[in-house]
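Colleague:
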Amino acid sequence: MPDEKPIPPSGAKLHAPLAKLLRPLVRFLIKAGVTFPALCELLRELYINVAEYDFALPGKPQTDSRVSILTGVNRREVARQRGAGAPVSATPSAVSRTSRILALWLGSKDYCDAKGAPLALHRSADLGKPSFEQLVATVTRDVKARALLDDFLARRIVAIDAKGRIRLLVNALTPPIGDDQQLYYFSRNLHDHIAAAVANITSANPPWFERAVHYDGLSEETAQTLIALSREKANDALLAANREALARCDADGGGSTRWIFGVYVYAEPDGRPPKAPDENAPA
Numbered sequence: 001m002p003d004e005k006p007i008p009p010s011g012a013k014l015h016a017p018l019a020k021l022l023r024p025l026v027r028f029l030i031k032a033g034v035t036f037p038a039l040c041e042l043l044r045e046l047y048i049n050v051a052e053y054d055f056a057l058p059g060k061p062q063t064d065s066r067v068s069i070l071t072g073v074n075r076r077e078v079a080r081q082r083g084a085g086a087p088v089s090a091t092p093s094a095v096s097r098t099s100r101i102l103a104l105w106l107g108s109k110d111y112c113d114a115k116g117a118p119l120a121l122h123r124s125a126d127l128g129k130p131s132f133e134q135l136v137a138t139v140t141r142d143v144k145a146r147a148l149l150d151d152f153l154a155r156r157i158v159a160i161d162a163k164g165r166i167r168l169l170v171n172a173l174t175p176p177i178g179d180d181q182q183l184y185y186f187s188r189n190l191h192d193h194i195a196a197a198v199a200n201i202t203s204a205n206p207p208w209f210e211r212a213v214h215y216d217g218l219s220e221e222t223a224q225t226l227i228a229l230s231r232e233k234a235n236d237a238l239l240a241a242n243r244e245a246l247a248r249c250d251a252d253g254g255g256s257t258r259w260i261f262g263v264y265v266y267a268e269p270d271g272r273p274p275k276a277p278d279e280n281a282p283a
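Numbering follows the working numbering, with no gaps: position 9 of the sequence shown is 9.
1) Do the segment 220–227 and the segment 117–131 meet, that is, are 3 or more Cβ pairs less than 8 Å apart?
2) Using the rule of at least 16 other Cβ atoms within 10 Å of the residue's Cβ for burial, across every protein chain shown, is residue 12 buried or exposed?
3) Where do the N-terminal and C-terminal ends of the beta strand (DSSP E) with residue 158 fall, by residue?
4) At the level of alpha carbons, what is the spacing between residue 280 and residue 223?
5) Sort out for me which residues DSSP pairs residue 118 with in a bridge.
6) Between the C-alpha atoms of residue 297 and residue 187, what's the straight-line distance to the nearest angstrom?
7) Quick one: residues in its chain with C-beta nearer than 7 Å to the C-beta of residue 2, no 5 flanking neighbours on either side, listed in chain order?
8) Where residue 85 and residue 49 are concerned, what is the direct C-alpha to C-alpha distance, given to the nearest angstrom?
9) Look at the alpha carbon of residue 212 and the alpha carbon of residue 244, and state the distance between them as a whole number of angstroms.
10) Does the beta-carbon distance from residue 193 to residue 262 come in below 8 Å?
11) Roughly how far, in whole angstroms, is the beta-carbon of residue 105 from the beta-carbon of residue 87, given that I think they are within contact range, below 8 Å?
12) Taking residue 71 as the reference, give the member of 45, 83 and 59 with the closest Cα.
13) Can you tell me whether DSSP reads residue 281 as helix, strand or coil?
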């Protein structure tokens, strides 16, 4: 039998999952001062934009009437806001540059030791050893290594050791709170995770790996142990994927496909009362 076309879940069935999905986002928006009317205006613009560009019929121009039917937004408002152009997801140049430098430093055999740990780099390439200057030049020649070093030092991405070498700091992988880089990855990572989950829900053959291990009713001690373990395992997996991607990119002819591999760890109180101590347990 031919594969049946998957039927998306009804709007009514989505109410409860959407409420759970959006709750942390709404909490964040309130803290950030984004009001309900402001969010409504953004959603209205987004509904119109998505309907206009993602739901156009093949070979037919999209119309105000069809966008209005798809979105529930009245035709006058649709006509006012249509034509803005589909949003382009561009990576800020500073974010892209920093990401590529860190990816090489963490994954290239030229900048890692035998165990895969990032090397401490000399400043100048004149010494014949792996250097920060050489690393930067591999990624960009538009910005001087000295200027990037000053920026990385200010942002605590790197530090200078007692021998004058430049060391990559662990917190380099976690952008500062509210930093443009953090906000960029906030939107990118959540977009891709949600896009993968939606594709799996609406496909007869779920195309993307999207799994999680989860336990409830844990003690704080056990939760903290599992958090530390999962962070270590996740970091190992990300570093291994980065090394493989770098190796394959060297032989890749280039194209228009974007790939991402992400991992997340989270814990919070689950609302259950703590377990009563076992009276029969030995003291």
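Note that the Cβ used here is the ideal one computed from N, Cα and C, for glycine as well.
Modeller: Result, derived from the coordinates:
1) Taking a cut-off of 8 Å on C-beta distances, the segment 220–227 does not touch the segment 117–131, as fewer than three cross pairs fall below it.
2) As a working mapping, residue 12 is identified with position 12 in the sequence shown. Exposed, by the Cβ-count rule.
3) Counting from 1 along the sequence shown, the entry for residue 158 is found at position 158. Unbroken beta strand (DSSP E) run through residue 158: 158–160.
4) Position 280 of the sequence shown holds residue 280. Position 223 of the sequence shown holds residue 223. Below a pLDDT of 50, predicted positions are generally treated as unreliable, and residue 280, at 49, falls in that range; the measurement from the model is reported next regardless. Looking at the two C-alpha atoms, the distance is approximately 25 Å.
5) Position 118 of the sequence shown, counting from 1, holds the residue named residue 118. The partner list for residue 118 (beta bridge, DSSP) reads 112.
6) Given that the chain is displayed from residue 1 to residue 283, the structure contains no residue 297 and the question cannot be resolved.
7) Stepping through the sequence shown from its first residue, residue 2 is reached at position 2. Low local confidence applies: a pLDDT of 46 at residue 2 is under 50, so the model's placement there is unreliable, with the coordinate-based value given in what follows. Within the same chain, and ignoring the five residues on either side of residue 2 in sequence, no residue has its Cβ closer than 7 Å to its Cβ.
8) Within the sequence shown, residue 85 is the residue found at index 85, counting from 1. Within the sequence shown, residue 49 is the residue found at index 49, counting from 1. C-alpha separation (whole angstroms): 8 Å.
9) Numbered from 1 along the sequence shown, position 212 holds the residue referred to as residue 212. Numbered from 1 along the sequence shown, position 244 holds the residue referred to as residue 244. The alpha-carbon of residue 212 is positioned some 23 Å away from that of residue 244.
10) For the purposes of this step, residue 193 is taken as residue 193 along the sequence shown, with counting starting at 1. For the purposes of this step, residue 262 is taken as residue 262 along the sequence shown, with counting starting at 1. A contact, by the Cβ cut-off of 8 Å.
11) The residue you call residue 105 lines up with position 105 of the sequence shown. The residue you call residue 87 lines up with position 87 of the sequence shown. Not confirmed; about 32 Å, so no contact.
12) For the purposes of this step, residue 71 is taken as the residue at position 71 of the sequence shown. Closest by alpha carbon: 45.
13) Reading the sequence shown from its first residue, position 281 is the one you call residue 281. Confidence is the limiting factor: at residue 281 the pLDDT is only 49, short of 50, which leaves the residue's position unreliable, though a coordinate-based value still follows. Here residue 281 carries a coil assignment [DSSP, helix/strand/coil].
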